[in-house]
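Be aware that the sequence shown starts at 9, since it is given in my numbering, and climbs by one per residue. For each residue, glycine too, the CB sits at the ideal point set by N, CA and C. Computed from a prediction, not measured in an experiment: that's the story for all the values here.
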Amino acid sequence: MRIFYAISPLRALPFHMFFLLTTIFHLGRALETSFFSSFRSALQTMGRLLQENTRLEKGF
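Below, the structure is given as structure tokens:
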């Protein structure tokens, strides 16, 4: 009976909740940073293309 009580899911629930919350938090941070870095690189590419376009229009 004591062994069953030690491995009962209700006693391990706080640990599982903590693990789940930290996993979700880290996944969210990773997704956020990857999204922002790809967004920034896309903006840089658009800026470069605009510079190239204006340079070609001016005939430099």
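Close beta carbons around residue i, own chain, < 8 Å, minus the five adjacent residues each side
| i | result |
| --- | --- |
| F26 | none |
| M9 | Here M9 scores only 49 on pLDDT, less than 50, and its place in the model is too uncertain to base an answer on. |
Reduced DSSP category for residue i - H, G, I as helix; E, B as strand; rest coil
| i | result |
| --- | --- |
| M9 | Per-residue confidence for M9 stands at a pLDDT of 49, beneath the threshold of 50, marking its modelled position as unreliable; no derived number is given. |
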